[in-house]
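Let me begin by presenting the structure, written as structure tokens, before commenting on it.
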Amino acid sequence: MLAKAGVEVDYLFSGRTPDRYFNMEPFGDYRTRRGLTFFTDAGKVQLAKTLFGNSLLQLWRDIKSLDVRGYDLVLTDFEPVTAWAARRQRVPSLGIAHQYAFCYRVPGTKTAPWLKPALKLFAPVDQAIGVHWHHFDAPILPPLIEPPSFTVSTRAKEVLVYLPFERLDDICYLLQGFPEYRFLIYAAVEAQQEARNLVIKPFSREGFQRDLASCDGVMCNAGFGLCSEAMQAGKKLLIKPLANQIEQEANARALADLGRARVMKRLEPAAITRWLDETNPDPLLWPDTASALVDWLLDGRQEPIASLSQRVWADRLPELQSSTS
């Protein structure tokens, strides 16, 4: 939206290998760096592998080699290379990301006093704006997501499944135990596969959005983006947070507190059985946060974040209060 408003924007992404970026056409001639990432297996963050599998030396080289002195502002979504490059070169920086919401007392963070300083160390910025599913009495903004790409409907007993941190064989074995339902599973496969009541699909943004709009529920990890889209489409959620990852565990707590999802700690048939019998909730239509932020940026960021937060949330407070009561 910034580019459409006449702002010249360059893009840099990190945290994946270059071949793991999909549907990147809107970002033009974007750049990539190695950055930092979590290593996972069977639904858990592998702490030792994450510690030793990331190269802090390469991260430092990427930070030092990135010249951002020609920019008026570095805008980061909790990306460490750009954040630290801006800090070193004294270029103004602004962070807009879900992770910055954890600088406040949101659900799931009470027992992690180390989290706020860790966030500031990972991707330091001059000004940080967190986004979340509720303001939680803090200067937090609603999610930054697009309106649904397809007309929302419901195909009875058709469930969308996206559990990239779990083993695909474990998912298939579990879901074959519910033959009366059809499960659309998005996974790292080359071509579509079908087996009994399972359809395993390769990654496709358009296909995924189409299935999200028409499904009868979503099974996923506790990632912020997909859960936001599912709530917007009025889909019931069964989430299995990535273990040993504070963000996902906190997200699961928040969704449970808001009454917007069921949570399972492991892949278990009993939890799925109970969830499948539930009905879909009403859609939760988020404010146009992106447009509000673009206007705020073009106005020179003069309005205090607390005021911006109150203004953007204003027409959604009754909905949110009813979901927490």
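Residue numbers (my numbering): 124 to 448.
Even for Gly, the Cβ is constructed at its ideal location relative to N, Cα and C.
Source: prediction; values computed, not measured.
Where does residue i fall in DSSP's three states?
i: TYR285; result: strand
i: ALA171; result: helix
i: GLY348; result: helix
i: MET354; result: helix
i: PHE245; result: helix
i: TYR227; result: coil
i: ALA314; result: coil
i: GLN250; result: strand
i: GLY138; result: coil
i: ALA366; result: strand
i: ILE395; result: helix
i: TRP324; result: Here the sequence assigns Lys to residue 324, which means Trp is not the residue at that position. Of the three classes helix, strand and coil, the one that applies to LYS324 here is strand, per DSSP.
i: VAL435; result: helix
i: ILE294; result: helix
i: LEU276; result: In the sequence on display, residue 276 carries Ser and not Leu. It is coil, neither helix nor strand.
i: LEU421; result: helix
i: ARG305; result: strand
i: GLN444; result: In this prediction, GLN444 scores a pLDDT of 47, lower than 50, which makes its location untrustworthy; the coordinate-derived value is nonetheless stated afterwards. The answer is helix: DSSP assigns GLN444 an H, G or I state.
Apply the 10 Å Cβ neighbour rule to residue i and answer buried if 16 or more other Cβ atoms are within range, or exposed otherwise.
i: ARG143; result: exposed
i: MET147; result: exposed
i: ARG385; result: buried
i: SER351; result: buried
i: LYS127; result: exposed
i: PHE331; result: buried
i: GLN222; result: buried
i: ARG156; result: buried
i: TYR296; result: exposed
i: PHE175; result: exposed
i: PHE225; result: buried
i: ARG383; result: buried
i: THR140; result: exposed
i: LEU349; result: buried
i: LEU378; result: buried
i: LEU170; result: exposed
i: ARG434; result: exposed
i: THR205; result: buried
i: TYR153; result: exposed
i: LEU180; result: exposed
So residue i and residue j are supposed to be a Cβ contact under 8 Å. How far apart are they, rounded?
i: PRO265; j: ARG424; result: Wrong, their Cβ atoms sit about 18 Å apart, outside the cutoff.
i: ASP164; j: PRO215; result: With a Cβ gap of about 40 Å, ASP164 and PRO215 do not count as contacting.
i: THR232; j: ALA373; result: 6 Å
i: VAL168; j: GLN368; result: 5 Å
i: ALA279; j: ASP185; result: Not really, about 49 Å apart at Cβ, beyond 8 Å.
i: LEU361; j: ALA310; result: No, LEU361 and ALA310 are not in contact; Cβ-Cβ is about 17 Å, not under 8 Å.
i: ASP293; j: LEU390; result: 6 Å
i: TYR227; j: ILE263; result: 6 Å
Once the 5 residues before and after residue i are set aside, which same chain residues still bring their CB inside 6 Å of it?
i: LEU416; result: none
i: ASP334; result: LEU283 and LEU307
i: ALA220; result: ASP200 and PHE201
i: LEU198; result: LEU217
i: GLU401; result: LYS359
i: ILE323; result: ILE308, ALA310, VAL312 and GLN316
i: ALA209; result: VAL191, VAL197 and SER216
Take residue i and list the residues in its own chain whose beta-carbon comes closer than 7 Å to its own, dropping the five residues that flank it on each side.
i: TRP419; result: GLU426 and LEU431
i: GLY449; result: Because the chain spans 124 through 448 in this model, residue 449 falls outside it and cannot be assessed.
i: GLU303; result: LYS280
i: THR274; result: ALA336
i: PRO392; result: LEU297 and GLY300
i: LYS172; result: PHE162
i: MET387; result: LEU361, LYS363 and ALA394
Skipping 5 residues on each side, what residues in its chain have a beta carbon closer than 8 Å to that of residue i?
i: GLN371; result: ASN344, ALA345, GLY346, PRO364 and LEU365
i: GLU202; result: LEU135, PHE136, SER137, GLY138, GLY158 and ALA246
i: ARG319; result: GLN299 and PRO302
Is any non-hydrogen atom of the ligand MG found closer than 7 Å to the C-beta of residue i, if you look at the structure I gave you?
i: GLY340; result: This structure lacks the ligand MG; in fact it carries no ligand of any kind.
Inset, instruction - Would you mind listing the alpha helix (DSSP H) stretches within the segment 140-205 that are 4+ residues and don't spill past its ends, in chain order? - result: 170-176 and 179-188
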